[in-house]
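For the sequence shown, my numbering assigns the number 1 to the initial residue and increments by one for each residue that follows.
The beta carbon of each residue, even a glycine, is placed where N, CA and C say it ideally should be.
Remarks on the structure that follows.
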Amino acid sequence: DSIISTQNNQYWQTQRDHFVEIFLPKKSLDKIFPTSLARAQRCCDKMELLRQKAGKYGVQVHDFFLHEAQAQLQLALFGMDEEFMERTNKPIRDAFAGINPDMDFAKDMCLEMLEKVGSNPQFSVPSEPDVV
Numbered sequence: 001d002s003i004i005s006t007q008n009n010q011y012w013q014t015q016r017d018h019f020v021e022i023f024l025p026k027k028s029l030d031k032i033f034p035t036s037l038a039r040a041q042r043c044c045d046k047m048e049l050l051r052q053k054a055g056k057y058g059v060q061v062h063d064f065f066l067h068e069a070q071a072q073l074q075l076a077l078f079g080m081d082e083e084f085m086e087r088t089n090k091p092i093r094d095a096f097a098g099i100n101p102d103m104d105f106a107k108d109m110c111l112e113m114l115e116k117v118g119s120n121p122q123f124s125v126p127s128e129p130d131v132v
C-alpha cells in the first residue's frame with residue numbers, strides 16, 4: 001500500500017494527514033517566522049558583543065553561523081526551548097562532525113526532541129502522536 005495506490009481508505013487518510021501540511025506552507029511558516037525574526041534581531045546585538053570582545057583574530061564567524069543555524073532549526077522549526085537549544089547546540093554539531101566523544105549523543109538528542117515536539121501543541125500535527 002502507498003498514498004497513491006491503496007484500497008484501504010483508513011490507511012490512505014492516515015498517510016494523507018502526514019503530508020497535508022507540506023501543501024499549506026503559509027500555515028506552517030506562520031509558526032516559524034516570529035521566532036526566526038526575533039532570533040535574527042538578537043543576532044545583531046550578539047555579533048556586536050562578540051566583536052567588542054574579539055581578540056587578535058576577530059570573531060569566529062564560522063562558529064557563530066553554525067551555532068545560529070542550529071539555533072534556528074531547534075527554536076523555530078522544531079519548537080525547542082532556549083535551554084535545550086543552548087545545552088545541545090555545540091554537542092550535536094560535534095556529533096555531526098564526528099568529534100563528540102559520546103557516540104550516542106545524536107540518537108539520545110533526537111529521542112528527547114521527539115518527546116518535546118509531541119508535547120508542544122504549537123508544533124504538533126496529526127501525525128506526531130503516532131511518531132512519539
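Between residue i and the rest of its own chain, which residues show a CB-CB distance below 6 Å, the 5 nearest in sequence each way excluded?
| i | result |
| --- | --- |
| F105 | P91 and A95 |
Going along the chain, which residues of its own chain have a beta-carbon closer than 8 Å to the beta-carbon of residue i, five neighbours each way excluded?
| i | result |
| --- | --- |
| E68 | R39 and C43 |
| P129 | Reliability fails at P129, whose pLDDT of 48 lies under 50, so the model's placement of it is uncertain and no value is given. |
What is the DSSP secondary structure of residue i, reduced to helix, strand or coil?
| i | result |
| --- | --- |
| S5 | coil |
| P91 | helix |
| D30 | helix |
| M113 | helix |
Any heavy atom of the ligand NAD inside 7 Å of the beta-carbon of residue i?
| i | result |
| --- | --- |
| G79 | Here there are no bound small molecules, and the ligand NAD is not part of this structure. |
Return the CA-CA distance between residue i and residue j, expressed in angstroms with no decimal places.
| i | j | result |
| --- | --- | --- |
| M80 | V117 | 7 Å |
| Q13 | D30 | 25 Å |
| S206 | H18 | With the chain represented from 1 up to 132, any question about residue 206 goes unanswered, as that position is not in the structure. |
Got a sec, what are the start and stop residues for the alpha helix (DSSP H) residue i sits in?
| i | result |
| --- | --- |
| Q72 | V61 to Q72 |
Kindly give me the distance between the Cβ atoms of residue i and residue j, rounded to whole angstroms, as I take these residues to be in contact under 8 Å.
| i | j | result |
| --- | --- | --- |
| N89 | A71 | 6 Å |
| L50 | F64 | 7 Å |
Keeping to the same chain, check which residues put their C-beta closer than 7 Å to that of residue i; ignore five residues upstream and five downstream.
| i | result |
| --- | --- |
| M113 | F78 and M80 |
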